[in-house]
Amino acid sequence: MRCDQYVGLNKWASDKVSRKQTVREVGARILPNGKAVPFDRQVVVPVAKIEVIGKITGAWKDVVANLHRYTLPDGRVYEEFIQAEPWSSGPCYFIALKNLKGNVISQSLWTTDELNNA
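Start counting the sequence shown at 1; every next residue gets the next number (our numbering).
Below is the structure:
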């Protein structure tokens, strides 16, 4: 069977950009009749601001996955890129991170062994 296979980020990179935090939201929901219903709740939100910056066009699918930019609270920005596309019944898209200067974040790279085992 031929197919596009999205592998994504390695564990280090995924942990870095996918962290979540619990925050408190306080406000009011305004109903159609104008009545305000107050709320005070805890919700889980991403730590990073996440934006779509591109897409992966596959061999068989028009869009395999989106590529993202992650802005962390300390100001660091990471962007996803396709590190490698080895074939195993179709392309396997391994994703890594680079900073805004285009420097690859070495911890985000998949190892040669991991790529060869696709």
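No residue lacks a Cβ here, since even glycine has one placed at the ideal position from N, Cα and C.
TODO: From the DSSP output, read off the bridge partner residues of ASN66.
DONE: By one-based count along the sequence shown, residue 66 stands at place 66. As computed with DSSP, ASN66 is found in a beta bridge with LYS55.
Open item on the list: Taking its Cβ as the centre, do 16 or more other Cβ atoms sit within 10 Å of PHE94, making it buried, or is it exposed?
Closed with: Position 94 of the sequence shown, counted from the start, is the residue given in the question as residue 94. It counts as buried.
Task: Proximity winner among GLU80, GLY27, GLN42, relative to GLN55 (alpha-carbon distances) - done: Walking along the sequence shown from the start, residue 55 turns up at place 55. For the sequence presented, residue 55 should be read as Lys rather than Gln. Restricting attention to GLU80, GLY27, GLN42, the CA atom closest to the CA of LYS55 is found in GLU80.
Open item on the list: If distances are taken between C-alpha atoms only, which option among HIS68, VAL43, PRO32, LYS101 comes closest to ARG24?
Closed with: The residue you call residue 24 lines up with position 24 of the sequence shown. Checking every option, the nearest Cα to that of ARG24 belongs to VAL43.
Open item on the list: Within a Cβ cutoff of 6 Å, which residues of the same chain sit near THR22, ignoring the five residues on either side of it in sequence?
Closed with: Along the sequence shown, one-based indexing puts residue 22 at 22. The beta carbon of THR22 sits closer than 6 Å to those of GLN42, VAL44, all from its chain and outside the five residues before and after it, given in chain order.
- [ ] Using only alpha-carbon positions, find the residue among GLU85, ASN103, ILE105, SER89 that is nearest to LEU115.
- [x] In the sequence shown, the residue the question calls residue 115 occupies position 115. Selected option, being the one with the closest Cα: GLU85.
TODO: Report buried or exposed for PRO107, applying the criterion of at least 16 other Cβ atoms within 10 angstroms of its Cβ.
DONE: For the purposes of this step, residue 107 is taken as the residue at position 107 of the sequence shown. Going by the sequence as given, residue 107 is Gln instead of Pro. Label assigned to GLN107: exposed.
Open item on the list: Need the endpoints of the beta strand (DSSP E) that ASN99 sits in, please.
Closed with: For the purposes of this step, residue 99 is taken as residue 99 along the sequence shown, with counting starting at 1. Residues 92-99.
Task: GLY90 to LYS20 span [Cα, whole Å] - done: The residue given as residue 90 occupies position 90 in the sequence shown. The residue given as residue 20 occupies position 20 in the sequence shown. So the alpha carbons of these two residues sit roughly 33 Å apart.
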